[in-house]
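Counted the way the UniProt record's numbering counts, the sequence shown spans residues 2 to 142.
For each residue, glycine too, the CB sits at the ideal point set by N, CA and C.
A quick note: this is a predicted structure, and the numbers were derived from the prediction, not measured.
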Amino acid sequence: ALNADDKAHIRAIWPCIASHAEQYGAEALHRMFICHPQTKTYFPNFDFHANSANLKGHGKKVMNALTDVVKHLDHPETSMCSLSDLHAYTLRVDPGNFALLNKNILVVVAVHHGDKLDCATHQALDKFLNVVAGLLTSKYR
Ligand code: ZNH
2 ALNADDKAHI
12 RAIWPCIASH
22 AEQYGAEALH
32 RMFICHPQTK
42 TYFPNFDFHA
52 NSANLKGHGK
62 KVMNALTDVV
72 KHLDHPETSM
82 CSLSDLHAYT
92 LRVDPGNFAL
102 LNKNILVVVA
112 VHHGDKLDCA
122 THQALDKFLN
132 VVAGLLTSKY
142 R
């Protein structure tokens, strides 16, 4: 679970990410699709080219969902409830894929904010994204 230091680090860096939700989301998705082409199967009619309207639109949704979780960091499950249902019952995304997107979100943060990504912040973001992935897969059976 996230401790008080983790939460402080996440709250400190997140505004830099939230203010570029569409761009960073699109970049993280683009990297995930390139590095892990199997993830493309969940998005049958997507335009996978860098900066496509699909990548930007979906990237923004994903990053804004994360921003919502950061706003309620003491109760992450509250903001994730309906998304957990969606991913478990409707989308049925293989749980292994969440780690792949998380990794690419971290890479994008590192590319744009390397100066702010000290070890403690890196670790806190990694833990945070893991918590989110855990909640998104919590209803699988
Ligand atoms: Zn997911 C959708 C979030 C991961 C797949 N997503 C979605 C949405 C959101 C999200 C917000 C929208 C919803 C509505 O619209 O209502 N995700 C998310 C997050 C994460 C994720 C936060 C982490 C971090 N996903 C994921 C993965 C995958 C996915 C990994 C695979 C690979 N999603 C998905 C899909 C969808 C979604 C397929 C649907 C899309 C459309 O249809 O458009």
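(request) Report the three-state DSSP secondary structure of T138 (helix, strand or coil). (result) Locating residue 138 in the sequence shown gives position 137, counting from the first residue. In this structure, T138 counts as coil in the three-state DSSP scheme.
(message) What ranges does the beta strand (DSSP E) occupy inside the segment 31 to 55, keeping only unbroken runs of at least 3 residues that lie completely in it?
(response) none
(request) Consider the C-beta atom of T40 and the heavy atoms of the ligand ZNH; say whether any pair is separated by less than 6 Å. (result) Looking up residue 40 in the sequence shown gives position 39. At least one heavy atom of the ligand ZNH is nearer than 6 Å to the Cβ of T40, so yes.
(request) Between the Cα of W15 and those of T138, S139, K140 and L118, spot the shortest distance and give me the residue it belongs to. (result) Within the sequence shown, residue 15 is the residue found at index 14, counting from 1. Among T138, S139, K140 and L118, the Cα nearest to that of W15 is on L118.
(message) Looking only at its chain, what residues have a beta carbon closer than 7 Å to the beta carbon of L84, apart from the 5 residues adjacent to it on each side?
(response) Within the sequence shown, the letter at position 83 stands for residue 84. Hits under 7 Å: A66 and L137.
(message) Buried or exposed, going by whether 16 or more other CB atoms sit within 10 Å of the CB of I11?
(response) Taking the sequence shown and counting its residues from 1, the one referred to as residue 11 is at position 10. Buried is the call here.
(message) Let's see if you can read the secondary structure: which residues bound the alpha helix (DSSP H) around L107?
(response) Stepping through the sequence shown from its first residue, residue 107 is reached at position 106. Unbroken alpha helix (DSSP H) run through L107: G97 to H114.
(message) Taking the beta carbon of H31 as the centre, do at least 16 other beta carbons fall within 10 Å, making it buried, or is it exposed?
(response) For the purposes of this step, residue 31 is identified with residue 30 of the sequence shown, where counting begins at 1. Answer is buried; the Cβ neighbour count reaches 16.
(request) May I ask you to report which of helix, strand or coil DSSP gives H76? (result) In the sequence shown, the residue the question calls residue 76 occupies position 75. Three-state DSSP puts H76 in coil, outside helix and strand.
(message) Suppose the cutoff is 8 Å on Cβ atoms and the five residues either side in sequence are ignored; what does the same chain contact list for T79 look like?
(response) Locating residue 79 in the sequence shown gives position 78, where the first residue counts as 1. These residues qualify, in order along the chain: H73.
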